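The opening residue of the sequence shown carries number 218 in my numbering; numbering runs sequentially from there.
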Amino acid sequence: SLVSSIVAFVVFGSVYGFEPIFGSLSGVQFSQPLQLIWFVLLGLTAGLMGKLYVEVFYSGTTLFDRLDKVPGWLVPA
């Protein structure tokens with residue numbers, strides 16, 4: 218699949234060009250390290266949401282394991 222991805226990118230770039238699709242972000246500048254706090258908060262929030270997702274998934278799996286009357290096609294994988 219690596220070779221097919223490389224070939225697909227080369228074909229795409231040959232047709233549409235190799236410049237960024239959505240343009241550049243030349244107006245964005247970091248002038249103070251305190252601006253990175255928002256990215257730290259975003260990363261922590263994403264990590265907590267990922268942990269919540271895993272907990273909800275395993276809770277649902279445990280719940281469906283306890284139910285014997287549920288058809289097999291309704292039970293999560």
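Glycine included, every Cβ here is placed at the ideal spot set by N, Cα and C. This structure is a prediction, so every number in the text was calculated from the model and none was measured.
Distance CB(T279)-CB(P293) smaller than 8 Å: no
Reduced DSSP secondary structure (H/G/I, E/B, other) of S248: coil
Contacting residues, own chain, Cβ-Cβ under 6 Å from F226 (five flanking each side not counted): No residues qualify anywhere along the chain.
Assumed close pair F281, V287 - CB separation to whole angstroms, cut-off 8 Å: 6 Å
Alpha-carbon to alpha-carbon, L253 and G289: 48 Å
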